[in-house]
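Structure record follows, encoded as structure tokens.
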Amino acid sequence: MKISLIHPRLVYPPSQPPLGLGYIAAYLEKAGHEVQFIEAAFSPDDEAVVQSVKAFGAQLIGISVMISYFTKAIELSALLKRHLPDVPTVFGGPHPSVVPDDFLKYDSVDFVLVGEGEHTFTKMATAMERGEFEPENIAGLHWKAHGMTRRAMQCATAAAAADKRQEKEVNVARIVPFKKSQSRVAHQAQADRITDLDELPWPARHLMPMDQYQHRGYNVSFGMHGSNFNIMTTRGCPYKCNFCDHSVFGRKPVSRDIKDVVDEIEDTAKRYNIRNFDIMDDTFTMNRNYVLEFCDELISRNLNLFWCCRMRVTKVTREVMKKMAEAGCVRFSLGIESVDPGVLKSIEKNISTDEVTRLLKWAKEFNILTIGNFMIGNIGDTRETIYKTLAYSLNTKEIDIPSWVILVPLPGTQAFEVGKQNGWIRTFDWDDYRMNSKDLPIWRNEALSHEELRDIYADIARQVRPKVQYAMDVLHQERLKCYPELQKYASA
Ligand code: B12
Ligand code: SF4
Numbered sequence: 495m496k497i498s499l500i501h502p503r504l505v506y507p508p509s510q511p512p513l514g515l516g517y518i519a520a521y522l523e524k525a526g527h528e529v530q531f532i533e534a535a536f537s538p539d540d541e542a543v544v545q546s547v548k549a550f551g552a553q554l555i556g557i558s559v560m561i562s563y564f565t566k567a568i569e570l571s572a573l574l575k576r577h578l579p580d581v582p583t584v585f586g587g588p589h590p591s592v593v594p595d596d597f598l599k600y601d602s603v604d605f606v607l608v609g610e611g612e613h614t615f616t617k618m619a620t621a622m623e624r625g626e627f628e629p630e631n632i633a634g635l636h637w638k639a640h641g642m643t644r645r646a647m648q649c650a651t652a653a654a655a656a657d658k659r660q661e662k663e664v665n666v667a668r669i670v671p672f673k674k675s676q677s678r679v680a681h682q683a684q685a686d687r688i689t690d691l692d693e694l695p696w697p698a699r700h701l702m703p704m705d706q707y708q709h710r711g712y713n714v715s716f717g718m719h720g721s722n723f724n725i726m727t728t729r730g731c732p733y734k735c736n737f738c739d740h741s742v743f744g745r746k747p748v749s750r751d752i753k754d755v756v757d758e759i760e761d762t763a764k765r766y767n768i769r770n771f772d773i774m775d776d777t778f779t780m781n782r783n784y785v786l787e788f789c790d791e792l793i794s795r796n797l798n799l800f801w802c803c804r805m806r807v808t809k810v811t812r813e814v815m816k817k818m819a820e821a822g823c824v825r826f827s828l829g830i831e832s833v834d835p836g837v838l839k840s841i842e843k844n845i846s847t848d849e850v851t852r853l854l855k856w857a858k859e860f861n862i863l864t865i866g867n868f869m870i871g872n873i874g875d876t877r878e879t880i881y882k883t884l885a886y887s888l889n890t891k892e893i894d895i896p897s898w899v900i901l902v903p904l905p906g907t908q909a910f911e912v913g914k915q916n917g918w919i920r921t922f923d924w925d926d927y928r929m930n931s932k933d934l935p936i937w938r939n940e941a942l943s944h945e946e947l948r949d950i951y952a953d954i955a956r957q958v959r960p961k962v963q964y965a966m967d968v969l970h971q972e973r974l975k976c977y978p979e980l981q982k983y984a985s986a
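Under our numbering, the first residue of the sequence shown carries the number 495, and numbering increases by one thereafter.
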């Protein structure tokens, strides 16, 4: 079957391909399907995206969505539906996995598939191709009990069987919520988590415009020269931070075989001539032995690559920091959030500032650049706790870049539920759920109003700017000396 997988236009052009769609594409190909991948941000407009899908002759369309580009994704599917009314649309990814029914309100959304998509989406496509598709048989699938979806199912099956598609200009796809009488939805219980990640092929980078992601115009990757590619070693995080969305990978961590991960790194670096990679795991360092073995494997291959990761302080020792540095880790982002013990407790972060400070010192001992992630507006936060945390982020010299956000209450999280119950959430328009937005925050807490949080955030942004500027101007440049190909510029 011919399947188009689309990553909708983000607020800004991405510098890395979406790994989720890459994995699904690879799994579909392994099952014999023909896959097209489209990064909408690299098309001039959504009309061009539709033309590509048409030209490819897609029989099924998959769209991946994160919360803040909800409407962009719906708009794109509406346009697709207008031009290709018989091609079913399936939505998946972190946001549809939490609020599937919000998507099914729209005429242009036929199905929502929650959770990890490799097995379930492939099963769905294969069943459609064989004319055996029954939504009840696909775990995690949500669909409309009436209306477009019935038709979409019939069309998909018929189209796949006859391999014949007709283009009809039917105006069914305006962005109008489904009528109440039609809004019944049905769903199948969620699929089990994928427990054997080694059974998955590597993401289908060969379908992705890797060269277009390799630009430096859009962002500077702190401490790295040139492009980077993304990779995942582990899915799932066992911790319970009250603001974090676990809807796709859940709490039970599963890891890939280390040799296979490093094979993928080696192959990708050589194939695309990229020297840096970014580990996308929620918490790369949660299993100490795994990290040590991974680093040993990288060191043993002498690949001379540089990398960065996201981590939390728990379980990280000086030995781990040393080994990570030896293996080419040049930077990490660390979830610090607050230095107030009461706030840390209320968000269930379960870390202490002392251990954070100790870890940061080790990082500097081994010359790793650090990004400290802080969040304001947490439950329990007051002006005093926030400014105490700001002082820490400015005065701790081991934090190179203090990165601040106002809490965004993601649906499906505990913070969202508490906020909803207390009337602290200003809007449920998912497009507004963006970090670093200059708009009035969507969230407030028991002590600080939306306006107060906005003003405090603006003040923090002003105060941290010189430190961030220094990091980019001085530390970043210093780091680039590690790239021999830049040496010729050193004396200029
Ligand atoms: C990298 C990343 C980013 C990158 C994305 C780069 C890129 N090109 O991929 C950037 C920096 C742009 C980013 C931004 C944001 N991100 Co982000 N990000 C991540 C991170 C750390 C890794 C993503 C990843 O590669 N995952 C690995 C792949 C394999 O997983 P996946 O994408 O979820 O895909 C699987 C399933 O979702 C599903 N699936 C995915 N697509 C589809 C499509 C179909 C059709 C089907 C059937 C299934 C399906 O199958 C896939 C394979 O199993 C995740 C955390 C995480 N561990 O996932 C957060 C995460 C996805 N981000 C999150 C958030 C909130 C954001 C922001 C909205 C933050 C904000 N408020 O501003 C922004 C929005 C982007 C924008 N500009 O509008 C949340 C998502 C919450 C939500 N409900 O949407 C997450 C889960 C973090 C968290 N725990 O809270 N992010
Ligand atoms: S914030 Fe980090 S440590 Fe906490 S639950 Fe989310 S991924 Fe895990």
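Positions of the beta carbon are idealized from the N, C-alpha and C atoms, including for glycine.
Any heavy atom of the ligand B12 closer than 8 Å to the Cβ of residue i?
i: Met929; result: yes
i: Gln510; result: yes
i: Met718; result: no
i: Phe743; result: yes
i: Phe771; result: no
i: Tyr951; result: no
i: Pro588; result: yes
i: Phe826; result: no
i: Ser602; result: no
i: Val755; result: no
i: Val547; result: no
i: Gly836; result: no
i: Asn724; result: yes
i: Arg729; result: yes
i: Ser897; result: no
i: Met517; result: Before going on, a small fix: residue 517 reads as Tyr here, not Met. Yes, the Cβ of Tyr517 comes within 8 Å of a heavy atom of the ligand B12.
i: Arg750; result: no
i: Ser721; result: no
i: His740; result: yes
i: Thr614; result: yes
i: Phe501; result: Note that residue 501 is His in the sequence shown, not Phe. The answer is yes for His501.
Let me know the secondary structure DSSP gives residue i once reduced to three states.
i: Leu797; result: coil
i: Phe672; result: The pLDDT assigned to Phe672 is 35, lower than 50, so where the model puts this residue is not dependable; a value taken from the coordinates is nonetheless given after this. Phe672: coil per DSSP, three-state reduction.
i: Ile950; result: helix
i: Val755; result: helix
i: Ser897; result: strand
i: Glu972; result: helix
i: Gln682; result: coil
i: Leu904; result: coil
i: Ile880; result: helix
i: Thr1003; result: Given that the chain is displayed from residue 495 to residue 986, the structure contains no residue 1003 and the question cannot be resolved.
i: Asn939; result: coil
i: Ile841; result: coil
i: Cys789; result: helix
i: Arg825; result: strand
i: Arg659; result: Residue placement at Arg659 cannot be trusted, given a pLDDT of 39 that sits under 50; the coordinates are not used to answer.
i: Asp772; result: strand
i: Arg503; result: coil
i: Met869; result: strand
Assuming contact is defined by CB atoms lying nearer than 9 Å, are residue i and residue j in contact in what I supplied?
i: Trp637; j: Val592; result: no
i: Pro582; j: Val608; result: no
i: Asn781; j: Met718; result: no
i: Phe788; j: Ala821; result: yes
i: Ile500; j: Val529; result: no
i: Met702; j: Ile773; result: no
i: Trp918; j: Arg938; result: yes
i: Arg812; j: Gly829; result: no
i: Lys599; j: His577; result: no
i: Ser558; j: Pro508; result: no
i: Phe550; j: Lys496; result: yes
i: Met618; j: Leu635; result: yes
i: Lys843; j: Lys891; result: no
i: Ile880; j: Ile893; result: no
i: Gln971; j: Leu884; result: no
i: Thr762; j: Arg804; result: no
i: Gln510; j: Asn736; result: no
Please tell me whether residue i has its Cβ less than 9 Å away from any Cβ of chain D.
i: Trp918; result: Absence of chain D from the displayed structure is noted, only one protein chain being present.
Given the structure, does residue i come close to the ligand ATP, in the sense that its CB is under 8 Å from one of the ligand's heavy atoms?
i: Val592; result: With respect to the ligand ATP, the structure shown offers nothing to examine, as its ligands consist of the ligand B12 and the ligand SF4.
Tell me which residues pass a beta-carbon proximity test against the ligand SF4: closer than 5 Å to any heavy atom, given in chain order.
My final list is Cys731, Tyr733, Cys735, Cys738, Asp776, Thr777, Arg806.
Unbroken stretches of the alpha helix (DSSP H), 4 residues or longer, contained in the segment 559–647:
564–577, 588–592, 594–598, 612–623
Quick one: which unbroken alpha helix (DSSP H) runs of 4-plus residues sit fully inside the segment 695–750? Chain order, please.
Correct list: 704–707.
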